[in-house]
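Colleague:
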Amino acid sequence: MSDVVAVGVIEGIKQCGLKVPDDISVIGFDNLPECEFMTPKLTTISQDFSAKAKAAVEGMFRIIEGEKNGGEDIHLPVQLIERQTVKDIIE
């Protein structure tokens with residue numbers, strides 16, 4: 010889910026008396042700059058917003074121009090940014 014939701018989940022986990030990542034691991038999605046400054050630092054999935062926007066615009070123009078494959082599925086690479094909200098399972 011998004012980093013914003015992950016931050017809320019972490020807060021809820023803390024309010025339940027549990028600890029991240031000792032009791033529950035949390036991973037966000039978006040790699041917002043704020044992830045590096047929270048405690049614990051949020052592990053997240055980073056995506057290339059520029060590439061995503063470019064692919065969306067190109068697909069939109071293909072659809073407008075009547076191409077049959079204009080709305081095809083496109084898979085863009087993402088990157089796992091490991092920080093502090095996932096427990097290291099190798100102990």
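Under the numbering used here, the first residue of the sequence shown carries the number 10, and numbering increases by one thereafter.
C-beta atoms are modelled at their ideal positions from N, C-alpha and C, and glycine is treated no differently.
Return the Cβ separation of residue 42 and residue 29 in integer angstroms, given the expectation that the two are a contact with Cβ distance under 8 Å.
Modeller: Position 33 of the sequence shown, counting from 1, holds the residue named residue 42. Position 20 of the sequence shown, counting from 1, holds the residue named residue 29. That pair is no contact at about 20 Å.
Colleague: In the DSSP assignment, what are the bridge partners of residue 87?
Modeller: Translated into positions along the sequence shown, residue 87 becomes position 78. Residue 87 pairs with 56.
Colleague: Could you have a look at residue 36 and say whether DSSP puts it in helix, strand or coil?
Modeller: Translated into positions along the sequence shown, residue 36 becomes position 27. In the structure shown, residue 36 sits in a strand (DSSP, three-state: E or B).
Colleague: Quick one: is residue 73 buried, meaning 16 or more other Cβ sit within 10 Å of its Cβ, or exposed?
Modeller: Translated into the one-based positions of the sequence shown, residue 73 becomes position 64. Exposed.
Colleague: Does the Cβ of residue 27 have 16 or more other Cβ atoms within 10 Å, making it buried, or fewer, making it exposed?
Modeller: As a first step, residue 27 must be located in the sequence shown, where it is residue number 18. Its Cβ having fewer than 16 others within 10 Å, residue 27 is exposed.
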